Amino acid sequence: MIEEYWNLQFDPFQNQLSQHWYYESPMHDETLARLYYVIEKRQRCGVFLGEEGTGKSLLMQLLKRQSSRTQRQVALIDVYGMEGREILWNLIGGLGLGSHSHSDTAVLWRILTDHLTGCSISFQQLVFLFDHLVHATEQGQKCVERIMHLAMSQGGWVTSIFSCRSDELGIIPPGIYEQADLKIKLDPLDAFHTAEYINTALQQAGADRTIFPTSTMHHLFEMSKGIPRRINQICHLALLAGVNARAEQISPELLNAAQELAVPPIESIESSLGTQSPAAKSVTKSGAKNKKKTI
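Quick note on the numbering used here: the sequence shown kicks off at 259 and runs consecutively.
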């Protein structure tokens with residue numbers, strides 16, 4: 259429906275976790291460079307923060323691809339909902355050490371420990387990327403904590419990076435957070451790059467005319483706060499609303515129509531005007547958490 263009416267080759271606003279849809283904004287490129295700095299300098303651990311929907315998981319995929327081009331061994335694990343043994347088993351598999359699906363947990367720990375020791379002796383860096391850390395089970399988080407404890411004894415040849423939302427910083431298990439050297443934050447897109455993100459997506463889909471005029475772009479930024487996942491949702495629903503209205507372009511009124519269809523609800527244009535962007539809200543924690551360095 260969308261493709262035929264707007265003369266597009268495909269729907270450009272699909273919320274899919276694919277490197278094909280990566281938009282190289284300065285915010286994302288700078289964050290990716292900072293994450294790679296943590297690896298390149300063989301830091302012990304980095305905490306990767308960002309609002310929900312800003313593209314953390316996609317950047318973790320890109321970081322894995324970039325780091326794997328070197329002699330490093332890199333394993334990326336989305337630990338969402340995982341128990342300890344499952345995390346350990348996935349990590350061993352990600353390092354190319356075999357499936358060991360029938361091995362008990364003690365054997366898996368022995369395999370990992372021996373591999374870490376061997377890489378340390380041969381001066382080969384290992385990189386562990388843990389996505390959605392705080393959504394692992396309690397047992398899973400304890401497993402990650404033990405993995406990082408083992409990594410500490412390898413003379414700087416293991417770097418771990420784990421991601422979570424900015425508002426989850428306070429619930430990271432202390433045994434993991436205290437091992438972190440740096441915080442790296444991914445900010446949402448600004449107004450200019452929100453418009454560029456949308457126009458780039460439409461151009462890739464073969465758009466032959468202006469669908470989102472400048473006036474609409476301003477309101478769309480206010481509604482989305484520059485968060486790519488929310489931008490995709492609003493644009494997709496607005497294109498659907500435009501089809502139903504037989505519109506030639508997407509107007510602010512069609513954005514409000516899209517807002518009524520969204521799940522979860524999106525702020526209307528009126529309520530979003532003047533609202534502070536999540537990127538402008540600092541994460542303030544007391545005690546040791548204020549001492550972490552952010553780059």
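C-beta: ideal position from N, C-alpha, C; glycine also. In this text, all values refer to a predicted model and were calculated from it rather than measured experimentally.
| Item | Value |
| --- | --- |
| Beta-carbon spacing of residue 510, residue 477 below 9 Å | yes |
| Pair within 9 Å by beta-carbon distance, residue 280 and residue 286 | yes |
| Simplified DSSP state of residue 465, which is helix, strand or coil | coil |
| Sub-9 Å separation of residue 414 and residue 330 beta-carbons | no |
| Alpha-carbon spacing of residue 403 relative to residue 377, whole angstroms | 20 Å |
| Buried versus exposed, by CB contacts within 10 Å (16 or more), residue 410 | exposed |
| Bounding residues of the beta strand (DSSP E) (the contiguous stretch that carries residue 443) | 440 to 444 |
| Residue 290 versus residue 472: straight-line alpha-carbon distance, rounded | 29 Å |
| Buried or exposed (CB count within 10 angstroms, at least 16 for buried), residue 268 | exposed |
| Beta bridge counterpart(s) of residue 516 as assigned by DSSP | Answer is none; residue 516 lacks a bridge partner. |
| Buried/exposed call for residue 481, threshold 16 Cβ in 10 Å | buried |
| Extent of the continuous alpha helix (DSSP H) run through residue 491 | 486 to 503 |
| Assigned secondary structure, residue 368 (DSSP; H/G/I helix, E/B strand, else coil) | helix |
| Spatial distance of residue 393 from residue 385 (CA atoms) | 21 Å |
| Where the beta strand (DSSP E) through residue 385 begins and ends | 384 to 389 |
| Simplified DSSP state of residue 405, which is helix, strand or coil | helix |
| Simplified DSSP assignment, three categories, for residue 264 | helix |
| Identified DSSP bridge partners for residue 331 | 384 |
| Helix, strand or coil at residue 283 according to DSSP, with G and I counted as helix | coil |
| Chain C within 9 Å of residue 326, Cβ atoms only | As a matter of chain content, chain C is missing from the structure shown, which is built from one protein chain. |
| Residue range of the unbroken alpha helix (DSSP H) whose run includes residue 302 | From DSSP, residue 302 is part of no alpha helix (DSSP H); its letter is neither H nor E. |
| Burial state of residue 407 (16 or more Cβ within 10 Å) | exposed |
| Residue burial classification, residue 389 (beta-carbon count within 10 angstroms, cutoff 16) | buried |
| Assumed close pair residue 366, residue 350 - CB separation to whole angstroms, cut-off 8 Å | 6 Å |
| Identified DSSP bridge partners for residue 418 | 303 and 386 |
| Cα-Cα separation between residue 395 and residue 466, rounded to whole angstroms | 48 Å |
| Nearest neighbour of residue 572, chosen from 412, 518 and 501 [CA to CA] | Any property of residue 572 remains undetermined from this structure, which presents the chain solely from 259 to 553. |
| Bridge partners - residue 336, DSSP secondary structure assignment | 389 |
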